[in-house]
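Number of protein chains: 2
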Amino acid sequence: MAQKVTITDVARHAKVSRQTVSNVLNTPGLVREDTRRRVLEAVETLGYRASQAARQMRTGRSRLIATRIEPTRDDIDGTVYDRFLHGLTESAAEAGYRVLLYTADDDQSEIATIDDLLAAYEPDAFVLTDTHHGDVRTSWLAGRRLPFVTFGRPWGMPEGPSHPWVDVDGAAGTAAATRHLLDAGHRRIGFIGWPPGSGVGDDRRAGWARTLAAAGVDPAGLDRASDGGVAAGEALARDLLDADRPATALLCVSDSLALGALHAARSPGAGGRANGGAGMPIAVIGFDDTSAARAMGLTSLSQPLAEAAACCVALLARALDGAGVIGEANGGAFDEARSGAGLGAHGPVATPVGTETSRSPGSTMAPTAPGGPPAQVLLQPSLVVRRSA
Amino acid sequence: MAQKVTITDVARHAKVSRQTVSNVLNTPGLVREDTRRRVLEAVETLGYRASQAARQMRTGRSRLIATRIEPTRDDIDGTVYDRFLHGLTESAAEAGYRVLLYTADDDQSEIATIDDLLAAYEPDAFVLTDTHHGDVRTSWLAGRRLPFVTFGRPWGMPEGPSHPWVDVDGAAGTAAATRHLLDAGHRRIGFIGWPPGSGVGDDRRAGWARTLAAAGVDPAGLDRASDGGVAAGEALARDLLDADRPATALLCVSDSLALGALHAARSPGAGGRANGGAGMPIAVIGFDDTSAARAMGLTSLSQPLAEAAACCVALLARALDGAGVIGEANGGAFDEARSGAGLGAHGPVATPVGTETSRSPGSTMAPTAPGGPPAQVLLQPSLVVRRSA
DNA sequence: GTGAAAGCGCTAACAA
DNA sequence: TTGTTAGCGCTTTCAC
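Taken in sequence, the protein lines are chains A and B.
FYI, the numbering for the first sequence is 759 to 1147, going by this note's numbering.
FYI, the numbering for the second sequence is 759 to 1147, going by this note's numbering.
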């Protein structure tokens, strides 16, 4: 066990009082240059790092950000949040925070867990994921004035100022994908989505419908939905491909559905009917750019998850550490956040095809917070084109 | 912000002194029944939960377990650790611990981060993953007598007592898979592995080689290796299928390589040569049973990751909380650990095909700790059979 | 069986 | 500018 070095040791070594050491660390401006240097040298020599527990007792701040890790879902789509978590841990570390994990099966048990956590570990903030209609977690947290950000919009909430959130513009993504398919000559572009009522699913469907409408294409009979996985995707794809006016391209709300669709599309004879026997192959596009999509050559919409995580941390840092600290603390992640939010620029794109740059008309954009950039950030997904489209 | 309820509030409410409350919570045996009940009632009413920070200052225990989350790898194989992490968080919670996350790019920076964490948050223990030859992290931790478990054997260490570890018997898995292929009539079973020198990869290859040898099959020319992903798997598979004596089945060290191999195996004409024009299709088996494998109908070896995580927590709980508490604290996970470790029974199998039950001869099994079950646990993977084999 | 006192390491307020 | 004092909430002696 490494010897515990306390502030007293440092003070003794630097021949100053304990408080001076504390000042050097927390309020460097108050301390004379040479004293400061001597103290820092002692800190370095002794390898001193302040005890969070002691600091927390005094300041009430734990420098902990808590977030939920979903119960093990072995499906393809579950990996998305894991990637977000990677980014969150990295960004948090850069901002001087650590990530504390918890699990919960539903909203109510999550609230209970948050309550426990609050009493025991006092995390400074929470990052909530998977927001949905009638989300009781956000109102619970907001009611207690606890700092939090959601990765996901406050679906179904009345317009106007809300809690800080970061999200990816799904509608813009599916719009870009639809346009990509239109540009490739497709007209009958089917959509395989989730059943209506899911904020994310409806948003993604809207981008497809809107783009089809703008191109003068009637979407009638091209819309299917399921909350299943690969098998469901395959079945719905077959249904769309066997319809009276069969689809020639399939846009899917998730990679798991898309992989099923891809299987149907690549199966012998699938393209036959739709394209008059020898036309182009059925195009398939998924959503999330999972590793499975990559492996299967599935074109997919990629969410900037690391950026989203960085924005979450930036938003929290702003709320927790006050304005002005943000730029240094997180390596400029917040600037990225702003640029993606609706200033015309779009985030880093490292893919063959550009992103949808225009803001999605249907998306909510709450007014800016007084005296600062918006606390609502909408990032743009990018289309990663592979063999399947 | 929820009103903070301190032990003083509880004491006042129950009309006892502060440490009587503390006694009720920490040493219930010392307190008279009715006093105890009154105090617990007050705790309930007020919703009191002890502050970890304050408790930690006094006891030196944080009830935090720290583990690394790998930098975002968008490959298929990276999802394995994520699933382990889900389980770890759940099991830790059941044992009264929370999981604290950190990131690091290599062993040295991980050690530095651990050192930082130790000074600041004082985690009670660490869970290390991805152990490898010449792992400096374990010796660093062991040298400081810090409690830790690894998920992964201490590859390349001299036999004998070592630190506590939990691992999955890869060789037994590939042996079972090989036997499955032999039973199906295959003789020329190729292996696509990682380059020699990786403990995990070599172990998995050994299970294949040993089983082939036991069946009297000459493995010459059937062994390939790469540290690449899907594309590499496809290339190596083609190589094996185009050889003078082509393979009729392919066993792969990872799902990403296997998915590539599957693509090669399913491509038109692949089975032709090997099976004399019209034989059975090329069989492919992967490792890790990832979501991509499931989606693609790839037969794969499934690691009991949740059990592994539970064993890690059980081992830590034993070291931290002392013997005797384990049974209650973690819901019997430790018993599972023992049974999987070499007592003849095998872990839960929810798959069509049974697991390899016999202990792998090549695997290390350090002596039991004095006065307790072994601190080394070897779990068995199970073969999940799908279309590909 | 219960209560009083001390102190973990830190920092905010105040004194010098 | 630096040092002193006090106390965050808890548990571990030690009296009673």
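Heads up, the beta-carbon is just placed ideally off N, CA and C, and yes, glycines get one too.
- Distance from Ser1146 of chain A to Leu1056 of chain A at the Cβ level is roughly 5 Å; contact confirmed, criterion being Cβ atoms closer than 8 Å.
- Under the DSSP assignment, Val782 of chain B falls in the alpha helix (DSSP H) whose first and last residues are Arg776 to Asn784.
- By alpha-carbon distance to Arg821 of chain A, the top candidate from B:Tyr879, B:Phe1045, B:Val1011 and B:Glu799 is B:Tyr879.
- With contacts defined by Cβ atoms closer than 8 Å, Tyr860 of chain A and Arg856 of chain B form a contacting pair.
- Under the criterion of beta carbons closer than 8 Å, Thr778 of chain A and Val763 of chain A do not qualify as touching, at roughly 16 Å.
- In terms of beta-carbon proximity, Tyr860 of chain A lines the interface with chain B, with at least one pair separated by less than 8 Å.
- Taking 8 Å as the CB threshold, Ala808 of chain A lines the interface with chain B.
- Comparing alpha-carbon positions, the option among A:Ala769, A:Thr871, A:Cys1070 and A:Val1135 lying closest to Ala851 of chain A turns out to be A:Cys1070.
- Cβ neighbours of Met1054 of chain A within its own chain (closer than 7 Å, five residues either side excluded): Leu1017 and Leu1020.
- Using a Cβ-Cβ cut-off of 8 Å, His844 of chain B is close to Ile827, Glu828, Pro829, Thr830 and Thr861 of chain A, given in chain order.
- Non-local C-beta neighbours of Ala772 of chain B in its own chain, meaning closer than 6 Å and more than five positions away in sequence, comprise Arg796, Val797 and Ala800, ordered along the chain.
- The beta carbons of Arg962 of chain A and Val1011 of chain A sit about 5 Å from each other, so the pair counts as a contact at 8 Å.
- Between the C-alpha atoms of Ala853 of chain A and Asp873 of chain A there is a straight-line separation of about 24 Å.
- Per the coordinates, the alpha-carbon of Ala935 of chain B lies some 41 Å from the alpha-carbon of Ala1066 of chain A.
- With a 10 Å radius around the Cβ and a threshold of 16 neighbouring Cβ atoms, Ala900 of chain A comes out exposed.
- Per DSSP, Ile1043 of chain B is one residue of the beta strand (DSSP E) stretching across Ala1041 to Phe1045.
- The C-beta separation of Ala1001 of chain B from Gly979 of chain B comes to about 6 Å, placing the pair in contact by the 8 Å criterion.
- By the CB criterion at 8 Å, Asp1013 of chain B and Val1142 of chain B fall outside the cutoff.
- In this structure, the beta-carbon distance from Pro905 of chain A to Asp882 of chain A falls below 8 Å.
- For Thr887 of chain B, the enclosing beta strand (DSSP E) stretches over residues Ala883 to Thr887.
- For Arg856 of chain A, a Cβ of chain B is located within less than 8 Å of the residue's own Cβ.
- Contact between Gly965 of chain A and Ala929 of chain A is confirmed by a C-beta separation of about 3 Å, below the 8 Å threshold.
- Looking at the DSSP output, Phe906 of chain B bridges to B:Phe884.
- Between Thr817 of chain A and Phe884 of chain A, the C-beta gap is not smaller than 8 Å, which leaves the two residues out of contact.
- For Val924 of chain A, there are no C-beta contacts with chain B under 7 Å, since the nearest C-beta of that chain is about 17 Å from it.
- Taking 8 Å as the threshold, the shortest C-beta distance from Thr764 of chain B to chain A does not fall below it.
- Linking Ile823 of chain A to Leu875 of chain A through their CA atoms gives a straight-line distance of about 11 Å.
- Around the beta carbon of Val924 of chain B, a 10 Å sphere encloses 16 or more other beta carbons of the protein chains shown; the residue is thus reported as buried.
- According to the DSSP secondary-structure assignment, Tyr860 of chain B is paired through a beta bridge with B:Arg826.
- Cβ-Cβ distances below 8 Å link Leu846 of chain A to Ile823, Thr825, Val857, Val885, Ala1067, Cys1070 and Val1071 in the same chain, with the five nearest sequence neighbours on each side left out; the list follows chain order.
- Distance from the CA atom of Arg841 of chain A to the CA atom of Arg1003 of chain A, rounded to whole angstroms, is 39 Å.
- CA-CA distance, Gly787 of chain B to Ser780 of chain B, rounds to 12 Å.
- Residue pairing of Asp925 of chain A in beta bridges, as defined by DSSP: A:Leu1136.
- Contact annotation for Val782 of chain A against chain B: no contact, minimum CB-CB distance about 17 Å [criterion: below 7 Å].
- Within the same chain, and ignoring the five residues on either side of Arg911 of chain B in sequence, the residues whose Cβ sits closer than 7 Å to its Cβ are Thr889, Trp923, Asp925, Gly957 and Thr1122.
- Annotation for Ala1007 of chain B: the continuous beta strand (DSSP E) segment containing it runs Ala1007 to Cys1010.
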